[in-house]
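Everything in the sequence shown is counted per the UniProt record's numbering, starting at 1 for the first residue and increasing by one.
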Amino acid sequence: MKKSVLLLILLSSTSYASSWKKEITAYAFEGLSHICSQSRELNYNQRSEMRTIYINKKIERKREYPANKDYAYYASKQIWDFGEGDSPSYSECAAILKK
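Written as structure tokens, this is what we have:
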């Protein structure tokens, strides 16, 4: 009995951690794609491409999680060290966002 309860608790906490990680990742990708779409390092075509990626990431994230734009920037800063106001290069953005 104790083993089954412990197993049930372990599985539910693992499931919760997995969904939490997916949510953080969704916010981080949205934040990074927005930062990249506004980077001064990009030319017009690259910026347009990043803007399209940003809109797609935002729609994808909004389908599953509530809106919190500030958290998107925070998650992006924590995972990739790109924050609001940074200007990453096209190659940095493309390497992460085009997976």
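Glycine included, C-beta positions come from ideal geometry on N, C-alpha and C.
Contact set for ASP86: own chain, Cβ-Cβ below 7 Å, skip 5 residues either direction: ILE35
Neighbourhood of TYR54 by C-beta distance below 8 Å, restricted to the same chain and skipping five residues each side: GLU30, SER33, HIS34, CYS36, SER37
Cβ shell of TYR65 (< 8 Å), same chain only, five flanking positions each side left out: GLU23, ALA26, TYR27
GLN38, enclosing alpha helix (DSSP H) - first and last residue: Note, GLN38: premise wrong, no alpha helix (DSSP H); not H, not E.
Residue environment, LYS99, which counts as buried when at least 16 other CB atoms sit within 10 Å: exposed
Three-state secondary structure (DSSP) of SER87: coil
Exposure label - residue 110; buried when at least 16 CB within 10 Å: No answer is possible for residue 110: the residues shown for the chain start at 1 and end at 99.
LYS99 - containing alpha helix (DSSP H), residue span: Careful: LYS99 lies outside any alpha helix (DSSP H) and carries neither H nor E.
Cα-Cα separation between LEU95 and GLU41, rounded to whole angstroms: Position check: residue 95 holds Ala in this sequence, whereas Leu was assumed. Whole-angstrom Cα-Cα distance: 15 Å.
Reduced DSSP secondary structure (H/G/I, E/B, other) of ASP70: helix
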